[in-house]
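Here's the structure we're looking at; comments come further down.
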Amino acid sequence: TLIHREMPAEAVYVVENRRYFLPHLSTTFHGRDIMAPVAAHLANGLDPRECGRGTDRLEILPVAHRAEVDGDVVRGSVLYADRFGTLITNINEDQLPVSRVGPCKFDVLVNGANIGPVRSAFFDVAQGEPVALIGSSGMLEIAINRGSAVERFGPAAAVRVEVR
């Protein structure tokens, strides 16, 4: 995952102590029934060793990669699209070009089309126009003010993003 690359795990535990799961487990929603309750217990101070036995096995799945930084150019891709059609990229806010006196005026290109600089809010562009924003996750997002970036630019897997 992107997180593991930035902050490698100090220890890994098998989540198997049913005491911290929801009482009734579905066959398909383990994120809701197992992982979310365990994460809540951990956030409240549960010792990770209480979740289950430690393991040396950690499988890193090739799900996402970091954006490529080459001087003042950042090349990335789209990780996923949300239910509004907003494209969430793998470009972290910290990867954007900056100067010694603050953020540079840089442009965002989506599939080669310049959509202008990163903006603060949707209302910074007219209705129906594309906008690049930093989302709540700290990642660069591509949206259409009152529209769908997926409809405008295509499926998430096909979209390439460049900041320069």
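In our numbering, each number is its position in the sequence shown, counted from 1, plus 121. Beta carbons: idealized from backbone N, C-alpha and C, even for Gly. Treat the numbers as computed from the prediction; the structure is a model and nothing was measured.
By the criterion of a C-beta distance shorter than 6 Å, residue 205 is surrounded by no residue of its chain, once the five residues flanking it on both sides are discounted. Closest in alpha carbon position to residue 186, among 124, 274, 257, is 124. Residue 164 and residue 140 have their alpha carbons spaced roughly 16 Å apart.
A residue is called buried when at least 16 other Cβ atoms come within 10 angstroms of its Cβ; residue 273 meets this threshold and is buried. In this chain, the beta strand (DSSP E) harbouring residue 281 covers 281 to 284.
For the pair residue 195 and residue 212, the CB atoms are nearer than the 8 Å cut-off. By a beta-carbon distance limit of 8 Å, residue 154 contacts residue 143. Their separation comes to about 5 Å.
Between the alpha carbons of residue 131 and residue 157 lies a distance of about 21 Å. As a beta-bridge residue in DSSP terms, residue 264 pairs with 252.
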